[in-house]
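Going by my numbering, the sequence shown opens with residue 17, and the numbers climb by one from there.
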Amino acid sequence: MKYTREQTLALSFDRNMCVTANAGSGKTAVLVEKFLKIILNENQEVDPKKVVAITFTKKAASEMLTKIVKQLEKAIYEETDLSKLKKLRQIRETLTYARISTIHSFCSSILRDFPIEANVSPYFYELSNSELLTLRQNSILSTFEIWLESNDDIKKIRAKNLFRELGRLKVQSIVETLLNKRDILDSLNNLYKLEDEIILEKSYKLICSKFNESGRLMNEIASFVYGNNIRLSSEKDSNVGFYLDNILMNLTIEELIDPDKLNSHIQDIKTNLNLLFTQKGKVDKNKKKKLGINDEEEFILNTYGQKLIEILEFLSNIKDFELDRKVLDLSRTLLEIVRDTIELIESEKQEINGLDFDDLLIKTRELLKNNYILGKVRRNIDYLLVDEFQDTNFIQYDIIRDIITELAEGRIAPNSTQLFIVGDAKQSIYGFRNSDVRVFNQALNDIKNLNQKKLEKGIITNFFLLGSDVLEAQNEEESQGDIKLTATFRLQPAIASFVDLVCGNLMKQSENLYDINYEPFICARNIESVKEQISEVNKWSGAVNLLISFKNSYPEDENSEKTISEAEQITKFILNAVYGEKPIQVMDENGNMRNVQFKDIAILSRKRLGFSSLAESFLSNNIPFVVHSGSGFYQTQEITDLISLLYFIHNPKDDLSLIALLRSPFFNVDDIALIKLSNTEGETYWQKLKNYIDNSTEVNNIFEISRAYSILEYYVKIADRIPIYNLIAKFLQDTAWFGTVSNKPGEKQIIANIEKFLNFTRDFDSRGFRNFHDFINEVKFITEFDIDESESVFITDDDVINVMTIHASKGLEFPVVILSGTNSDTKKNENFVISSDLGLWFPLQKLNENNFLEQRDPPSYLISKEERKKIELAEQKRVLYVALTRAKDYLVISAELKFNNDGKVSQPAGFFKMILKSLNLDVNNLIETDKIGLNSKLKILVNNEPVEIDHRFDLNIISDFKEIKSFGLKAERQETERILNIKEISSSIEYLNYSPTKIQNYQDDEIYYRKKYLLGFPVDIESNRMFFEDYELDEESGIIYGTLMHKILEKISKWLNYDLTLDRNELLNIIHSVIPLNLINFTDLSENLFQESEKVSKTALIRDNYLNILDGKVEYLLTMPINNDFLNAKIDLLLKNNEGQYEIWDWKTNIIQDNAHKEKLISHYKFQMKVYAGMISKIYNQDEYISRLLFTKLADENVSEDDWTYKYIWKKVDLEGFEDDIAEQIKLIPR
């Protein structure tokens, strides 16, 4: 391999070095070559066992060792000198003990070498996620009990105050989060030893800086106005931006906490804004016309105005300074509880000899404070190489720095371990795993400072030693060991230019230590296409496309020709790319063009939310695909099937697990056979299965069922006698499972997941003293609490599309990348903020002027949130960079746009907003053109030297396709790509259950009905968006929100007192009890549920019918036969009204956009409500029947009944024979 100048510098080992590697720059190849050059160094013999390489994952460590071995074996094969051959073979043998591992494995080995000094058992084992979570939860609850039952009255009062202010669930959530952030606990404990004034000073200075920023913006607006000769209309106007200067640029903390002065300053900002801008921070249209402001000037002024509005919105919420001190007291209590919890956890871990991942790091760092141990560790490491350094944290860097004598002691020392770190700060995207991008910059500065001392002492020079050769540094940074691999061998020129434009603009402004400097690419791929600039068009140099889909905001527009979901648009793009008249072509490794295949395409997304819609669309169009979720290991189908097996073996009365097991690939029993089994005598399905085999005279299915019974009967008997690993391995063999997944899309991925689960069982077995029952409990705990466990991501050679999260794609590359879901916001809902600099902050409840409790945000909480947003925004920029740089030849950015009522496109969000902002593009202009010309200064690699060129390329905008029919696919593909296995059957289903919703779904959309009820595909939320109750958490959470609201209203009698006052504590308890654990941290969710419930309770309708509600039937189930089928209904509330008539109430939590939307919903729900009324008419004889819709989001104390509810009234004659109409409609529905 021929190395670039930058790569060659990185291969030198005459100094400590930090290598920043752009995407596709060949850093892995450099790292492997560096390791080889060290151990093969002819000038200085190095023991391979003293060369340590640390990688981010076990998979990366394994791959690195494999590459090193292959390179070494190639050298052995080619070597002819016998003495050199002997040395090579000796080195090859020592690689068996090569120290290439993750940081946790490295620390584990140190602790095992010195267990007594580290105060750990020599036989310690690493706790699984489930064991750690169980231990933590038990310890947290025990600590709570200790505090609440303490003999120390002050301690007990502090605990009660904490729980009264925050509630148990929130306290528990904060404690759990702090236990996961052990790296900053020390900083927090030290911070809270300080006086309140010192802690608050940090927050208040940051708030003052917001005022200062507004003053600076005002002055910049004034300068722009005068500089462009924009004459404002009055003398007062002419002072815009200036008379605030002295106030805002020198605001003191004393002025900040004075309410009168604070409000005065805020009013000054508003006054200045009103001179030129609207309340949204945009130039007033009338003033624009009057003052002669052109479009370009308007764009610049709008940028200023919107920044000011953001600041103003923040500053307007700054109040309640007294709450800051209250939060400080509560935070100190929380930290003491955390310390006590850690003591309990440590005590338990000592008893079971268990360590978690954090322990491995923390205990190693503590151990290395022992100079004797540190000296022994240092002497056993000559070279320390660390890959993916941007994903480390401060604890990990402390360990690495301690090993490097010169870095630890800040002096030049002989025989110091040499450090080589490689990574890319732009790809630091694991903040949620506590990695910290600041570590990379700190390590870089430490290395540069150390090398600078050596340069001054003449120990190293500006010339890098490369064996017998030397290479001169081109600048001071290179001499100091700051090496940058900027040349990309992955990206086509167009993609490199696009990423430079987007990320270069996004990352050019450094607002805090989490922002990083962008290093432009030097493009080294297909440079012939851009070497010679042609006057109009360049040769093909890759492509960047915007794939636009349209989704209208209002239901009446849903049938517009422009409306198409993002999943459907992506599907059309892929079909055209592969089967269109002009298929997409990609470049192979030799520079030749070929038609794209499915396996060349990857779909990446920030969240897994849209994967179900994509999967459904792909299935409908025979597009083969594999979803690599990047997490959710225990939710993959193959693991779910194994868990069903274990649950059933443990408890043969578990009918659900048995049915899932029979339907799984282990036995492939079809639904018709299962229905017949259900009609067989027997208390459990297991008994029914035996009776069916004993008594059945049928030939069909008897073999599959008999086989299933005999195999399962055997495993029920032996489950407690053999290790779990052996049991599962034998079951997979007995059921020929590996044969069932052979040639299936994603086969290697599925097998990798099974192997990972087998390793989990092997680890469990190895711990001893535990049985099958214990294993079942552990699995149940893992699945119940949705413990995060990443799926093993395997990219195979199968011709399938790879769908995954951006985080799962890190380190991968694909010829075609489609970045989906870019126009969705990435905001997080947080009800507390933890900062090592500012502390622990959260909102509190406070009585308002009406003597009602409401949430109030302390100033320090607000500014901490603002600082957290900056950190998250910086990481979002890096996530976008990672996503864009996975593409080799084609980059497709998919965005679903929404139209406002005025016909304009809604403001973009998320990644799409970032991209448009960086390119200065208006979203409304995108729908009026098919391409936008872009220009960039691109560096290309010519004769191993960078050359800058003017690169022109098009950003293609795609919104429409020629239709490609899915049945036109090639026959040979169809056989190998089939995913569903629907058997042909001759028997018929004797009866089915129907509900009004099910019938109406068929009437609305037959295709949707077939997918959901016949094929069992996931619900297509997008195609039925207007009828799902909505909420802001994510695309699917409308269903979650509606369900939670129903559960709360079911229990209205518990939280609404007889005197019609609200029992707030009881309502909050009910809300917390119904919210799933994985949504507990979404503060807005519980607050919205509370406020909506409170508003419903204050309406006149509820108050007038309170006693009727108490006597009513909640979640009233009805079933009636319709010929050979059954009609089922569940009524939210059936009550007898004040006139003595039975009335049906149905809660609806839809967001009502306007009256037209409400009328459409009323029309839609009419069928459902009439069915309910018809069924009630069969039970209660009345002259008329009332079905009432209650739109909870429209409810409020002063709202009339008609404004938030709607009554359908049917006479008895209207409902006669309704069951005959239902029967006729059921006949039309496919069975």
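For each residue, glycine too, the CB sits at the ideal point set by N, CA and C. Computed from a predicted structure; not experimentally measured.
Check: Tell me, please, which residues DSSP counts as bridged to Pro962.; Outcome: Leu957
Check: Check whether the region 404-414 and the region 442-453 are in contact - that is, three or more C-beta pairs closer than 8 Å.; Outcome: yes
Check: Under DSSP, the beta strand (DSSP E) around Lys18 begins and ends at which residues?; Outcome: Here Lys18 belongs to no beta strand (DSSP E), and DSSP marks it neither H nor E.
Check: Out of Glu1110, Glu1108, Ser1102 and Asn1154, which has the shortest C-alpha to C-alpha gap to Asp1120?; Outcome: Asn1154
Check: Please state if the CB of Val819 and the CB of Val546 are separated by a distance shorter than 8 Å.; Outcome: no
Check: Using 8 Å as the cut-off, can you tell me whether the region 878-893 makes contact with the region 347-358, which would need three or more C-beta pairs spanning the two stretches below that distance?; Outcome: no
Check: To the nearest angstrom, report how far apart Gln163 and Ala175 are at their CA atoms.; Outcome: In the sequence as presented, Gln is not what sits at residue 163; that position holds Trp. Cα to Cα, Trp163 sits roughly 6 Å from Ala175.
Check: Is the distance from the Cβ of Ile665 to the Cβ of Ala735 below 8 Å?; Outcome: yes
Check: Contact check, Asn369 vs Phe140 under 8 Å by CB: the rounded distance?; Outcome: 5 Å
Check: Assign Pro509 to one of two classes, buried (16 or more other C-beta atoms within 10 Å of its C-beta) or exposed (fewer than that).; Outcome: buried
Check: Please classify Arg427: is it buried, with 16 or more other beta-carbons within 10 angstroms of its beta-carbon, or exposed?; Outcome: exposed
Check: Below 6 Å CB to CB, which residues in the same chain sit around Glu1048 once its five sequence neighbours on both sides are set aside?; Outcome: For Glu1048, the pLDDT reaches just 36, beneath the cut-off of 50, and the residue's location in the model is therefore unreliable, although a value from the coordinates is still provided. None.
Check: At 4 residues or longer, what runs of the alpha helix (DSSP H) sit wholly inside the region 619-701?; Outcome: 627-636, 653-666, 671-679 and 687-694
Check: Please list the segments of the beta strand (DSSP E) lying wholly inside the region 451-483, counting only runs of 3 or more residues, in order along the chain.; Outcome: 479-482
Check: Considering just the uninterrupted stretch of the beta strand (DSSP E) at Trp1226, what are its terminal residues?; Outcome: Thr1221 to Lys1227
Check: If you measure from the beta carbon of Asp779 to each beta carbon in chain B, is any gap under 8 Å?; Outcome: Of the protein chains in this structure there is only one, and it is not chain B.
Check: Going by DSSP, which residues form a beta bridge with His967?; Outcome: Ser952
Check: How about the region 652-660 and the region 848-857: do they share at least three Cβ pairs that are nearer than 8 Å?; Outcome: no
Check: Mind reading off the beta-carbon distance from Gly558 to Cys34? Whole number of angstroms is fine, and I expect it under 8 Å.; Outcome: So it is not a contact: roughly 30 Å between Cβ atoms.
Check: Between the C-alpha atoms of Glu552 and Ile948, what's the straight-line distance to the nearest angstrom?; Outcome: Note that Glu552 scores 44 on pLDDT, short of 50, meaning its location in the model is unreliable; the coordinates nonetheless yield the value given after this. Their Cα atoms are separated by approximately 14 Å.
Check: If we call anything under 8 Å between Cβ atoms a contact, is Trp1163 one with His1062?; Outcome: yes
Check: Once you ignore the five residues that flank Leu25 on each side, which residues in its own chain have a CB closer than 7 Å to its CB?; Outcome: Phe480, Leu487, Glu494 and Ile499
Check: According to DSSP, is Trp556 helix, strand or coil?; Outcome: coil
Check: What would DSSP say about Leu1135, mapped onto helix, strand or coil?; Outcome: Per the sequence shown, residue 1135 should be read as Thr rather than Leu. Three-state DSSP puts Thr1135 in a strand.
Check: Can you tell me where the beta strand (DSSP E) holding Leu942 begins and where it ends?; Outcome: First-last for Leu942: undefined, no H or E at that position.
Check: Report the partner residues of Gln861 according to the DSSP bridge assignment.; Outcome: Gln871
Check: What is the DSSP secondary structure of Lys335, reduced to helix, strand or coil?; Outcome: coil
Check: Are the Cβ atoms of Leu324 and Ser230 separated by less than 8 Å?; Outcome: yes
Check: Alpha carbon to alpha carbon, how far is Asn310 from Asn245? Give it in angstroms, no decimals.; Outcome: 12 Å
Check: Determine the extent of the beta strand (DSSP E) in which Arg449 is found, giving its start and end residues.; Outcome: From DSSP, Arg449 is part of no beta strand (DSSP E); its letter is neither H nor E.
Check: What residue from Ser1179, Gln23, Thr700 and Phe589 has the CA that sits closest to Leu672's CA?; Outcome: Thr700
Check: Helix, strand or coil for Thr812? Go by DSSP, reduced to three states.; Outcome: coil
Check: Where Glu211 and Ser203 are concerned, what is the direct C-alpha to C-alpha distance, given to the nearest angstrom?; Outcome: 15 Å
Check: Determine the direct distance from the alpha carbon of Lys1176 to that of Tyr1222, and round the result to whole angstroms.; Outcome: 12 Å
Check: Secondary structure at Asn1009, three-state DSSP: helix, strand or coil?; Outcome: strand
Check: Along the chain, where does the alpha helix (DSSP H) that runs through Val546 open and close?; Outcome: Glu544 to Lys547
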